[in-house]
Structures are given as C-alpha cells and as structure tokens.
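What follows is one structure encoded as structure tokens, with my remarks underneath.
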Amino acid sequence: MRVAAEYERPVPPLDLPHDDAGVEDVARSGAVRLFVEQARRVRPDFTLTGENTTDVAEICRRLDGLPLAIELAAGRIKLLSPHALLTRLDKALDLKASGVGRPTRQQTLRDTIAWSYDLLTPLQQAVFRRLGVFAGGADLDAIAAVCDDLLDGDDPLDVVGELVDASLATVIEEAQEPRIGMLVTVRAYAYDQLQADGELAAVQRRHANYFCAVADDMWSLRHGPQQQVAQQRIETELDNLREVLAWALGSGTGAEPDPERVALGERLCQTFAWVWLGGGYFEEARHWLERCIGLPREAPDLVHVENLARLGHIVSIQGDFIRSRELAEASIDIARGFGDSRELVVGLAVLAVACWDTGDIEGARRAFEEGHAMVRRVADRSLTAVLLTDIAYFESEQGNHDRSQQLIAEVLEICVDIGDTEFATLAELSMITSLFKTGNVAEAHLRSQDAIDPVLTCRDPFMLIGFARSHADILFETGDLDAAVRLLGSAAVMQERIGIKDPPAAEAQVQGLLLRCQVAMAAVDFQRAYQAGQAIMVEDLLVEMKDH
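Going by my numbering, the letters in the sequence shown line up with residues 379 to 926, in that order.
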C-alpha cells in the first residue's frame with residue numbers, strides 16, 4: 379500500500395532438493411517438509427517413501443518452492459497420489475485450497491497472481507505478458523527488443539522494476555548486467571495471458587528474431603579472442619534458444635510448417651552446432667538436426683548442406699559410423715552444385731573422419747586432401763585450423779609424425795593470428811601425442827602437465843575425455859600407474875554419461891592401455907584405483923593431478 383508505517387517483508391521460495399538427492403536429503407529440504415506437513419493435515423498417514431520421494435521432490439521443484447503453491451498442491455493428497463498429482467501439475471495454477479481461512483484472492487495460485495496482475499497499469503500488464511515468452515530469464519536488451527513497440531524507445535528498467543516490486547518478476551544475480559526472470563508458475567500465467575490477448579504469435583517472432591541474431595553474433599566470435607565470452611553468452615541463453623527451435627521447427631506434428639520459421643530454425647541449427655558439440659549436448663543436437671533435414675524444402679541450400687554434415691558428425695560421436703558416412707556423402711553431393719564453399723569443406727572433413735572410423739584409411743586420406751586443397755581456396759583461416767588439426771592427428775596415427783608436426787606448427791601460427799585458444803589447445807594435444815609416439819616421453823609428460831589448465835578452460839567434453847586418456851598413457855609410461863587408472867575410470871564414466879561411442883581403433887587403444895595397467899598392478903590395486911576414478915569428475919581429477 380506504500381503508506382508510511384508499511385514495510386515489505388519478502389517471502390522467498392523454500393529451498394529445494396537437488397536432482398540427485400536421496401530420500402533423507404529430500405526430506406530435509408524446506409519445500410518438501412512443508413509439503414509433507416500440509417499433506418498430513420488432510421491425510422495423517424502420509425509419509426515419504428522410496429516410491430514417492432522422487433515425485434514429491436519434482437512437485438516442489440515445479441512449483442518453484444513457493445509456500446502457497448506447495449500448500450495448495452499438498453491439499454490434493456487426500457484424493458491423489460504424489461505421482462497422480464505430478465501428472466496434473468500442468469493445471470497447477472488452478473489447484474484450489476481444500477480448507478478454509480484464505481481470502482478469495484488466495485483460493486488458487488491463479489487467483490493470487492491475477493490479483494497482483496490486475497493492480498498493474500496497462501503498460502506494466504503488457505510488458506508482464508511479454509516476459510512470459512522468455513525461458514530462463516532475459517537481459518534488458520532482450521526485453522527491450524521484444525517490447526520496443528510498447529516502450530517507444532524508453533529504457534525497460536523502470537517498468538521491469540515495478541514488476542519486481544509487485545513480485546511478478548525476479549532479478550537473477552549476474553556478474554555484470556541484471557537479468558530478469560519469472561518463477562515457473564508466474565511465467566505460465568503470463569504466457570496464458572499473452573495467448574488470450576492474441577499477442578503470442580507476434581511476440582514469439584520478435585523473441586525468435588532477437589535470439590537468432592544473438593546466435594549469429596556469437597557464431598562469428600567462436601574462433602577468435604572472444605570465444606570464451608561467446609560460449610558463456612550462448613550458455614546463458616540456452617533455454618531461450620531452445621524455445622526458438624521449438625517454435626521454428628515444432629515437434630513434427632500438426633499443421634504444415636511455416637517456411638519462414640523453418641528457414642530460421644535451420645539457420646539456428648547451423649549456428650548452434652558448435653555449442654552442442656562443445657557442451658556435449660549430442661542427443662539434443664541429433665534431435666533438432668534430424669528434424670531439420672527431414673523437413674520438406676523446395677531446393678536444398680548451403681545451410682542444409684552444413685546441417686547434413688553436422689548431423690553426420692554427431693552420429694559418428696554416438697557410434698553410428700555408417701550413417702555418418704552416408705550423411706557426409708549426401709552433404710558433399712549437394713554442396714558440389716554450389717562450387718567451392720566452406721560447407722563443402724565441412725562435409726569433406728566429416729567424410730574423412732567417417733572413413734577413418736570405419737577403417738577406410740585411403741578414403742579418409744582422399745577426403746582430407748581434397749578438403750585441404752579447397753580450404754586454401756575459400757580462404758577461411760579458422761576452418762583451415764580445424765581441418766589441419768584433424769589431418770595432423772590422422773597423420774600421427776598413421777606414423778607420419780614429421781608431417782603431423784609440420785601441420786601442427788601451421789595450426790598454432792593461425793591460432794595465434796586469429797586468437798583461437800581452443801584450437802591452439804587441440805593442436806598442442808596433437809603435438810603431445812606425436813611426441814609421445816616418437817619416444818619423447820619426458821617432453822610429452824611436461825607438455826601434457828602444462829596442457830591441463832588450457833584443457834580445463836575449454837570445457838569441451840570430447841577434448842577432456844581424449845586428453846584424460848592420452849595423459850593416462852603418458853602417466854603409465856612414467857610409472858604413475860595409480861593416477862593412470864584413475865583417469866581411465868573417470869573418463870569412462872564421463873563418456874557413458876554424455877553418450878560418446880569409440881570407433882574400433884580407439885576402443886582397442888583404450889582396452890590395450892587398461893590391459894597393460896592390469897598386468898602391471900595387483901588386481902586389488904587396479905580395482906581400487908579404477909573405482910576411485912569412477913567416483914570423481916575428470917575435471918576435478920585433473921586439477922588434483924596438476925597440483926601434485
């Protein structure tokens with residue numbers, strides 16, 4: 379009411395259990411304790427069990443830990459099991475209080491939010507509705523882009539501040555720019571109002587256009603000195619970008635796809651592929667790329683060409699080496715109709731790796747050589763560094779170490795010029811492998827230790843697994859068997875978790891190293907070290923080894 383004697387007392391959401399929490403940890407969270415307390419008011423024998431704990435925890439998460447929402451939901455336990463209640467939470471806003479003693483505006487969560495919404499000015503209501511289109515929050519620039527016709531060029535900060543004061547928006551703490559979010563239940567109400575007001579389609583398009591522009595901008599920075607900034611920005615906006623993909627490409631059912639939306643979604647897949655690969659989001663990447671290439675189109679373009687090749691790369695990582703080759707060949711066949719292009723180079727690189735993975739060494743060499751010649755003609759220096767890094771590793775595996783080291787030197791020179799620290803790190807790892815294979819174990823060990831920090835900075839799961847294995851090989855040769863086995867155990871868990879499948883040659887190398895460790899160690903020591911590695915993340919284990 380904002381009178382002199384009044385003061386605000388925020389009621390924050392209750393603490394929620396972690397996703398992997400056990401029964402005891404779930405029972406200790408404030409949100410679950412409130413749920414159990416309220417459930418026992420209507421069903422005195424209610425208790426947490428091994429069967430219902432997961433459902434109760436998820437109910438509390440879906441309700442944002444909001445005390446009112448949890449109380450309303452728990453009141454339904456008289457009739458519904460936790461699992462049945464969870465399946466009905468799409469109607470959480472309409473859960474009605476089963477007891478008495480609440481004012482009308484608090485009989486349902488929707489009533490509570492609607493009461494606050496009705497107190498807003500028309501401009502505040504309009505901005506509130508549009509905030510419902512954002513997933514995972516938004517910065518002020520994004521809000522301005524989606525609401526510019528409402529704000530007439532004014533800063534959105536004042537209006538957003540009023541929504542925060544009304545508890546209809548939240549400020550997400552960020553290191554630099556403020557980020558505005560909404561509780562899931564509040565966002566659901568805003569989204570419903572946006573749809574009811576007939577604004578949804580137009581606002582979704584504004585949202586999509588803005589975040590596609592963000593993805594394009596970050597894609598252009600992915601191989602330069604700003605690559606870490608670009609990666610962080612994209613990771614911050616992952617939920618919004620996923621919303622755009624769902625809007626543009628849909629689920630594959632329903633009405634005929636909108637060609638403009640499809641084109642936007644295909645472009646987003648192209649510019650998003652580096653994030654999927656670098657973050658280990660392989661299943662997500664496969665879902666959307668499969669959707670892309672399966673949509674009808676009048677004629678394929680170079681975006682389609684690259685998406686075919688990127689899908690080939692993804693399925694190769696997941697162990698589908700034959701399909702990877704088929705997709706790469708399909709990409710190349712279409713790309714040749716456009717002449718020399720960076721997209722054709724990408725297709726040739728994927729084909730080369732697919733041939734290599736299936737044992738066709740000559741096919742791999744031909745594809746690498748054609749790609750090498752073409753990348754010089756298209757004059758894309760970052761793509762040149764990517765391709766030469768692959769070729770250098772290939773040559774090293776074939777025993778051509780002098781050639782491998784020449785290529786690595788060229789890659790490092792390019793990376794210094796363009797400021798690409800990630801591929802400089804990859805090139806250095808290839809150099810370490812080449813040195814190790816030529817018997818320079820001491821130098822390889824020293825450089826491998828020095829590479830730990832750059833590898834951790836890159837945060838690329840594929841790189842982490844490969845480095846953990848190569849470092850384990852070096853540690854074995856230097857006599858640190860325990861550390862080698864722990865690294866192999868940790869890498870195996872990470873590999874299974876993110877869904878990487880080795881090609882036969884790589885699998886044979888890993889199994890060979892494990893066998894050498896088993897022969898060199900007592901069985902009990904090997905088992906203890908391997909299990910210890912399985913219990914710790916690769917990143918943490920590498921930090922530990924760096925410090926010792």
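All C-beta atoms, glycine included, are put in the ideal place defined by N, C-alpha and C.
ask   = Alpha carbon to alpha carbon, what distance is there between residue 434 and residue 428?
value = For the purposes of this step, residue 428 is identified with residue 50 of the sequence shown, where counting begins at 1. For the purposes of this step, residue 434 is identified with residue 56 of the sequence shown, where counting begins at 1. Those two C-alpha atoms are separated by around 11 angstroms.
Secondary structure of residue 466, DSSP reduced to three states = What you label residue 466 is simply residue 88 of the sequence shown in a count that begins at 1. Residue 466 falls in the coil class under three-state DSSP.
message = Starting from residue 549, trace the beta strand (DSSP E) in both directions and tell me its first and last residue.
response = Stepping through the sequence shown from its first residue, residue 549 is reached at position 171. Start and end: 548 to 550.
message = Can you list, in chain order, the residues of its chain with a C-beta nearer than 7 angstroms to that of residue 706? Leave out the 5 residues immediately preceding and following it.
response = Within the sequence shown, numbered from 1, the residue matching residue 706 stands at position 328. Exclusion of the five residues before and after residue 706 leaves 687, 690, 725, 728, 729, 732 as the residues of its chain whose Cβ lies within less than 7 angstroms of its Cβ.
task = Determine the contact status of residue 494 and residue 544, defining contact as a CB-CB distance below 8 angstroms.
result = Stepping through the sequence shown from its first residue, residue 494 is reached at position 116. Stepping through the sequence shown from its first residue, residue 544 is reached at position 166. Yes, the Cβ-Cβ distance between residue 494 and residue 544 is below 8 angstroms.
key: 8 angstroms Cβ cutoff met for residue 467 and residue 438   = Reading the sequence shown from its first residue, position 89 is the one you call residue 467. Reading the sequence shown from its first residue, position 60 is the one you call residue 438. No Cβ-Cβ contact shorter than 8 angstroms links residue 467 with residue 438.
message = For the structure I just gave you, are there three or more beta carbon pairs, one from the stretch 456 to 464 and one from the stretch 584 to 600, closer than 8 angstroms?
response = In this structure the stretch 456 to 464 does not lie against the stretch 584 to 600, because fewer than three pairs of beta carbons, one per stretch, are closer than 8 angstroms.
inquiry  = Threshold first: 4 residues or longer. Then list the alpha helix (DSSP H) segments lying entirely within the stretch 564 to 650, N to C.
reply    = DSSP runs (the alpha helix (DSSP H)) wholly in the stretch 564 to 650: 578 to 598, 605 to 614, 616 to 627.
ask   = If you run the structure through DSSP and keep just helix, strand and coil, what is residue 672?
value = As a working mapping, residue 672 is identified with position 294 in the sequence shown. DSSP places residue 672 in helix when its eight states are reduced to three.
Candidates 601, 651, 603, 795: closest to residue 623 by CA position = Within the sequence shown, numbered from 1, the residue matching residue 623 stands at position 245. Here the closest residue by C-alpha is 651.
request  = Just tell me which of 758, 455, 857 has its CA closest to the CA of residue 421.
outcome  = Reading the sequence shown from its first residue, position 43 is the one you call residue 421. Each of 758, 455, 857 was checked against the Cα of residue 421, and the nearest Cα belongs to 455.
key: Straight-line Cα distance separating residue 852 from residue 903   = Translated into the one-based positions of the sequence shown, residue 903 becomes position 525. Translated into the one-based positions of the sequence shown, residue 852 becomes position 474. Those two C-alpha atoms are separated by around 19 angstroms.
query = Which value, in whole angstroms, describes the spacing of the CA atoms of residue 798 and residue 606?
reply = For the purposes of this step, residue 798 is taken as residue 420 along the sequence shown, with counting starting at 1. For the purposes of this step, residue 606 is taken as residue 228 along the sequence shown, with counting starting at 1. Cα to Cα, residue 798 sits roughly 10 angstroms from residue 606.
Secondary structure, alpha helix (DSSP H): runs of 4+ residues fully inside the stretch 773 to 797 = Taking 4 residues as the minimum length, the alpha helix (DSSP H) runs contained wholly in the stretch 773 to 797 are 779 to 796, in order along the chain.
task = Identify the continuous beta strand (DSSP E) that holds residue 558 and give its terminal residues.
result = As a first step, residue 558 must be located in the sequence shown, where it is residue number 180. From DSSP, the beta strand (DSSP E) with residue 558 extends over 557 to 559.
ask   = Considering only residues of the same chain and omitting the five flanking positions on each side of residue 674, which have a CB-CB separation below 6 angstroms?
value = The sequence position of residue 674 within the sequence shown is 296, counting from 1. Scanning its chain for C-beta atoms nearer than 6 angstroms, with the 5 sequence neighbours on each side dropped, one finds no residue around residue 674.
query = Taking the C-alpha atoms as reference points, what is the distance between residue 783 and residue 770?
reply = As a position in the sequence shown, residue 783 is number 405, starting the count at 1. As a position in the sequence shown, residue 770 is number 392, starting the count at 1. Spanning the two alpha carbons is a distance of roughly 7 angstroms.
ask   = Can you tell me the Cα-Cα spacing of residue 567 and residue 400, whole angstroms?
value = Here residue 567 refers to the residue found at position 189 when the sequence shown is read from its first residue. Here residue 400 refers to the residue found at position 22 when the sequence shown is read from its first residue. Distance between the alpha carbons of residue 567 and residue 400 is about 32 angstroms.
task = Please go through the same chain and pick out, in chain order, the residues whose beta-carbon is closer than 6 angstroms to the beta-carbon of residue 670, but skip the five residues on each side of it.
result = Position 292 of the sequence shown, counted from the first residue, corresponds to residue 670. Excluding residues within five positions, the ones whose Cβ falls inside 6 angstroms are 644, 647, 685.
request  = Return the chain-ordered list of same chain residues with a C-beta closer than 6 angstroms to the C-beta of residue 722, the five sequence neighbours on each side being excluded.
outcome  = Within the sequence shown, numbered from 1, the residue matching residue 722 stands at position 344. So the qualifying residues of the chain are 713.
message = In this structure, how does DSSP classify residue 516 when only helix, strand and coil are distinguished?
response = Reading the sequence shown from its first residue, position 138 is the one you call residue 516. In the structure shown, residue 516 adopts extended strand secondary structure according to DSSP, grouped into three states.
query = Excluding the five sequence neighbours on either side, which residues of its own chain have a C-beta within less than 7 angstroms of the C-beta of residue 596, listed in chain order?
reply = As a position in the sequence shown, residue 596 is number 218, starting the count at 1. In its chain, beyond the 5 residues on either side, 608, 611, 612 have a beta carbon closer than 7 angstroms to the beta carbon of residue 596.
message = Tell me the residue span of the alpha helix (DSSP H) that contains residue 831.
response = Against the sequence shown, residue 831 aligns to sequence position 453. Per DSSP, residue 831 belongs to the alpha helix (DSSP H) from 819 to 836.
inquiry  = Using only CA atoms, which one of 802, 908, 860, 816 lies nearest to residue 833?
reply    = As a position in the sequence shown, residue 833 is number 455, starting the count at 1. The shortest C-alpha separation from residue 833 is found at 802.
request  = Please classify residue 878: is it buried, with 16 or more other beta-carbons within 10 angstroms of its beta-carbon, or exposed?
outcome  = The residue you call residue 878 lines up with position 500 of the sequence shown. A buried status is given to residue 878, since no fewer than 16 other beta-carbon atoms sit within 10 Å of its beta-carbon.
ask   = How many angstroms separate the CA atom of residue 548 from the CA atom of residue 436?
value = Here residue 548 refers to the residue found at position 170 of the sequence shown. Here residue 436 refers to the residue found at position 58 of the sequence shown. Their Cα atoms are separated by approximately 22 angstroms.
request  = Can you grab the Cα-Cα spacing for the pair residue 836 / residue 453, in whole Å?
outcome  = Here residue 836 refers to the residue found at position 458 of the sequence shown. Here residue 453 refers to the residue found at position 75 of the sequence shown. Approximately 48 angstroms, taken between the alpha carbons.
task = Please classify residue 794: is it buried, with 16 or more other beta-carbons within 10 angstroms of its beta-carbon, or exposed?
result = What you label residue 794 is simply residue 416 of the sequence shown in a count that begins at 1. With a threshold of 16 other beta carbon atoms within 10 Å, residue 794 falls short and is exposed.
query = alpha helix (DSSP H) containing residue 809: first to last residue?
reply = Translated into the one-based positions of the sequence shown, residue 809 becomes position 431. For residue 809, the enclosing alpha helix (DSSP H) stretches over residues 799 to 815.
For residue 659, the nearest candidate out of 403, 862, 839, 913 (CA to CA) = Here residue 659 is taken as the residue at index 281 of the sequence shown, counted from 1. Considering only alpha carbons, the answer is 839.
query = Within the chosen definition, does the stretch 858 to 874 reach the stretch 909 to 923 through at least 3 CB pairs nearer than 8 angstroms?
reply = Under the three-pair Cβ rule at 8 angstroms, the stretch 858 to 874 counts as touching the stretch 909 to 923.
message = Within 8 angstroms of any Cβ in chain D, is that where the Cβ of residue 605 sits?
response = This model lacks chain D altogether, as it is built from one protein chain only.
query = Going straight from the alpha carbon of residue 506 to that of residue 541, what length do you get?
reply = Reading the sequence shown from its first residue, position 128 is the one you call residue 506. Reading the sequence shown from its first residue, position 163 is the one you call residue 541. Spanning the two alpha carbons is a distance of roughly 7 angstroms.
ask   = Comparing alpha-carbon positions, which option in 746, 524, 576, 869 lies nearest residue 846?
value = Against the sequence shown, residue 846 aligns to sequence position 468. Comparing Cα-Cα distances from residue 846 to each of 746, 524, 576, 869, the minimum goes to 869.
task = Assuming residue 816 and residue 779 form a contact by the criterion Cβ under 8 angstroms, report the distance between their Cβ atoms to the nearest whole angstrom.
result = As a first step, residue 816 is located in the sequence shown; it is residue number 438 there, counting from the start. As a first step, residue 779 is located in the sequence shown; it is residue number 401 there, counting from the start. Their Cβ separation, rounded to whole angstroms, is 5 angstroms, which keeps residue 816 and residue 779 in contact under 8 angstroms.
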